[in-house]
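Heads up: the structure comes next, in structure tokens.
Chains as they are written, first to last, in our numbering: chain A, 1336 to 1635; chain B, 1336 to 1635.
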């Protein structure tokens, strides 16, 4: 029997509740506070049991969410838990997954190695940006693709064109579109030979009169998606929606998306929700629950 | 030949400069920024050399200072540095050095293990609260006691009584007082048998007419030291000064110390300075420079 431990980071509560319901495991809320000097403190009253599943998403302030996750692993190990699974619906630092320039760190590898060292035996996240990054985690690391599950919950089907914002994101869209029996494509930047103007276009398909869904893993500042949506609408798309795993929406991202004409953003509930009519959150905790069940029963 | 890398946390700059001057090593400032979503980024342009000495104190926000320290280690390892020394004048989370209650983490062990895993081969800090905590660091970990050096810089001598705020802090004061040929004691709480009133008293010595120095490792909220100072003055001490390694001074700590009648607080420059006439900072970077020289020349 396992216990779900709800971590203190914003956005973890609902996910932990969802997981606890779907799995019928007891939910324990980790006690937490901040000392007057700013240091984090956590404490868990649970056990002794064999397995703990910590739900702690890496929401802002990410560094504190990360430290709290480390502290929780050590606390649970100290209580005698043999297997400590981290469910981090959103894992920060995933985009710094290589040294783009000399002298840079591989930040996600640093984060994952620390999580192993702190005592996590298993790690489960939603869409880690680049799955290869998981090799830095010493235990069993799983990144779950939420797009097909989300699409089916929303009712997105083969009548839409699914678009990757660039060729690097094509695989993710291809997998989704094939599962839905839909057309898919990716966007490219094109420079006009005469005017020098740079525009964004679909590589193969014509979007005139079509319902389009841009699929991406993260919306941070919203710049890429907003520019893409605006151009697709100019090129005659009937409507543009966005399907995204992690809706960070930093700064004025929401305003940018709205003024670009995006009809709706569908996001997984991996981060604390923004309140906006533009956004619709899809609870992906049942999807994660299935995978937790699999790994704990030894199927994975 | 080694290079000093100045970390981005507040308070690291002056310490790195001091170290660079004392050791005559080149100083490189790590480039750093915060992404729009709040993630930290660092980059170092240096090398290839054999040894890097990173100066990064764990000032507020501590969790970000910690993450930046981890990222710097990975960046320097990626550049090919074989030996990466962390000089963290103030190391956060040092007071959570055991499980005071079941279900708590040993936070300092978590921090130290992560620093090893990230790539630091050596760690040097000022006064880690409990030296035994350093065993969690896999490499060569050193905690430097700054009190005698500070006392000699200030001119504190055998004419003062040195006091520990409690019996647990006695060793630190004993070592200092013996080096200075001074009297020392510790404070105890005493409950009046009739009134039930709790007062703080010295265990052995009479402070009437004496110049007293309270010696402690950290002043956080200032509560303990303020109460002690007030009572010592009520008991007839001529003046009360405070010698401390880490002046965190959270919240209204400074006001508390002033209204308690503390004449002066001497603090090492391990954290960003507060501006107050009450405070006098002592630059301990030359003391650390000596130890860096020793470990790099293989003496330690």
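Don't be surprised by glycine CBs; every beta carbon is placed ideally from N, CA and C.
Cα-Cα separation between residue i and residue j, rounded to whole angstroms
| i | j | result |
| --- | --- | --- |
| residue 1411/A | residue 1396/A | 23 angstroms |
| residue 1489/B | residue 1605/B | 17 angstroms |
| residue 1624/A | residue 1457/A | 14 angstroms |
| residue 1384/B | residue 1390/B | 17 angstroms |
| residue 1352/A | residue 1374/A | 27 angstroms |
| residue 1371/A | residue 1398/B | 14 angstroms |
| residue 1480/A | residue 1422/A | 14 angstroms |
| residue 1564/A | residue 1478/A | 28 angstroms |
| residue 1340/A | residue 1608/A | 21 angstroms |
| residue 1596/B | residue 1579/B | 17 angstroms |
| residue 1361/A | residue 1379/A | 13 angstroms |
| residue 1428/B | residue 1368/A | 14 angstroms |
| residue 1455/A | residue 1508/B | 40 angstroms |
| residue 1585/B | residue 1491/B | 26 angstroms |
| residue 1475/B | residue 1628/B | 14 angstroms |
| residue 1356/A | residue 1413/A | 27 angstroms |
| residue 1464/B | residue 1434/B | 15 angstroms |
| residue 1587/A | residue 1558/A | 10 angstroms |
| residue 1589/B | residue 1431/B | 24 angstroms |
| residue 1446/B | residue 1363/B | 25 angstroms |
| residue 1552/B | residue 1354/A | 44 angstroms |
| residue 1600/B | residue 1500/B | 15 angstroms |
Residue i and residue j closer than 8 angstroms at C-beta
| i | j | result |
| --- | --- | --- |
| residue 1404/B | residue 1342/B | yes |
| residue 1603/B | residue 1461/B | yes |
| residue 1495/B | residue 1517/B | yes |
| residue 1583/A | residue 1620/A | no |
| residue 1444/A | residue 1471/A | yes |
| residue 1566/A | residue 1593/A | no |
| residue 1511/A | residue 1550/A | yes |
| residue 1394/B | residue 1345/B | yes |
| residue 1425/A | residue 1392/A | yes |
| residue 1416/A | residue 1386/A | yes |
| residue 1545/B | residue 1526/B | no |
| residue 1519/B | residue 1498/B | yes |
| residue 1547/A | residue 1523/A | no |
| residue 1591/B | residue 1610/B | no |
| residue 1401/A | residue 1402/B | yes |
| residue 1459/B | residue 1348/B | no |
is_contact[residue i, chain B] using C-beta, thresh 8 angstroms
| i | result |
| --- | --- |
| residue 1481/A | no |
| residue 1537/A | no |
| residue 1630/A | no |
| residue 1618/A | no |
| residue 1611/A | no |
| residue 1375/A | yes |
| residue 1637/A | Because chain A is modelled from 1336 through 1635, residue 1637/A falls outside the range shown and cannot be assessed. |
| residue 1442/A | yes |
| residue 1445/A | yes |
| residue 1378/A | yes |
| residue 1590/A | no |
| residue 1439/A | yes |
| residue 1614/A | no |
| residue 1664/A | Look at the range of chain A in this structure, 1336 to 1635, and you will see that residue 1664/A is not part of it. |
Contact with chain A by residue i, beta-carbon distance below 8 angstroms
| i | result |
| --- | --- |
| residue 1551/B | no |
| residue 1606/B | no |
| residue 1372/B | yes |
| residue 1515/B | no |
| residue 1622/B | no |
| residue 1511/B | no |
Identity of the residue in the options nearest residue i by Cα
| i | options | result |
| --- | --- | --- |
| residue 1616/A | 1593/A, 1596/A, 1581/A | 1581/A |
| residue 1473/B | 1586/B, 1561/B, 1449/B, 1493/B | 1449/B |
| residue 1639/B | 1535/B, 1588/B, 1463/B, 1600/B | Not covered by the structure: residue 1639/B. The range shown for chain B is 1336 to 1635. |
| residue 1338/A | 1419/A, 1345/A, 1594/A | 1419/A |
| residue 1406/A | 1415/B, 1394/B, 1438/B | 1438/B |
| residue 1486/B | 1349/B, 1354/B, 1577/B, 1587/B | 1577/B |
| residue 1653/B | 1560/B, 1553/B, 1521/B, 1528/B | For chain B, the structure presents residues 1336 to 1635; residue 1653/B sits outside this window and is missing. |
| residue 1376/B | 1376/A, 1442/A, 1358/A | 1442/A |
| residue 1506/A | 1533/A, 1532/A, 1466/A | 1466/A |
Quiz item: For the region 1401-1434 of chain B, which residues have a beta carbon sitting closer than 9 angstroms to at least one beta carbon of chain A?
Solution: The residues in question are 1401, 1402, 1403, 1405, 1406, 1407, 1408, 1409, 1410, 1411, 1412, 1413, 1414, 1427, 1428, 1430, 1431, 1434.
Quiz item: Taking a cut of 7 angstroms between CB atoms, which residues from the region 1545-1570 of chain B lie near chain A?
Solution: 1555, 1556
Quiz item: What are the residues of the region 1487-1505 of chain A that lie near chain B, defined by any Cβ-Cβ distance shorter than 8 angstroms?
Solution: none
Quiz item: Name the residues in the region 1449-1474 of chain A whose C-beta lies less than 7 angstroms from a C-beta of chain B; which are they?
Solution: 1449, 1452, 1453
Quiz item: Using Cβ-Cβ distances below 7 angstroms, what residues of the region 1388-1402 of chain A are close to chain B?
Solution: Listed by position, the residues of the region 1388-1402 of chain A near chain B (Cβ gap below 7 angstroms) are 1395, 1396, 1397, 1398, 1399, 1401, 1402.
Quiz item: Name the residues in the region 1572-1597 of chain A whose C-beta lies less than 7 angstroms from a C-beta of chain B; which are they?
Solution: Those would be 1583, 1585, 1586, in chain order.
Quiz item: Taking any Cβ of chain B, which residues in the region 1348-1368 of chain A have a Cβ under 7 angstroms from it, in chain order?
Solution: none
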